[in-house]
Amino acid sequence: MSEDLNDLMRQRREKLEALRAQGLDPFGGRFPVTHWAAPLAERLRSAGEEELKGVEPVSLAGRVVALRDHGKS
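Residue 304 in this note's numbering is what sits at position 8 of the sequence shown, and the numbering runs on without skipping anything.
Quick look at the structure:
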């Protein structure tokens with residue numbers, strides 16, 4: 297079991313090094329976050345049609361989560 301874990305870690309390090317050798321950032325690039333999700337959603341929820349047409353571009357960070365109303369999740 298310990299050998300399997302060590303082999304897995306070795307493989308992951310090799311893949312990481314290969315990505316870096318190609319000039320790729322394995323953890324993605326950084327970008328400036330301009331808004332937070334909850335206040336932005338509240339602002340847009342109460343906005344009129346004209347205000348929505350003029351919304352400036354925004355940058356958010358976080359996870360995309362799917363909510364299921366029915367069935368197994």
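Glycine is no exception: its CB is placed at the ideal position from the N, C-alpha and C atoms.
Anyone know if the C-beta pair for L312 and P322 falls short of 8 angstroms? For this step, residue 312 is matched to residue 16 along the sequence shown. For this step, residue 322 is matched to residue 26 along the sequence shown. Cβ distance < 8 angstroms, so L312 and P322 count as in contact.
Specify, as a first and last residue, the run of the alpha helix (DSSP H) that E313 falls within. The residue labelled residue 313 in the question sits at position 17 within the sequence shown. Note, E313: alpha helix (DSSP H), S298 to A317.
CA-CA distance, Q307 and A314? In the sequence shown, counting from the first residue as 1, residue 307 sits at position 11. In the sequence shown, counting from the first residue as 1, residue 314 sits at position 18. For Q307 and A314, the distance between alpha carbons rounds to 11 angstroms.
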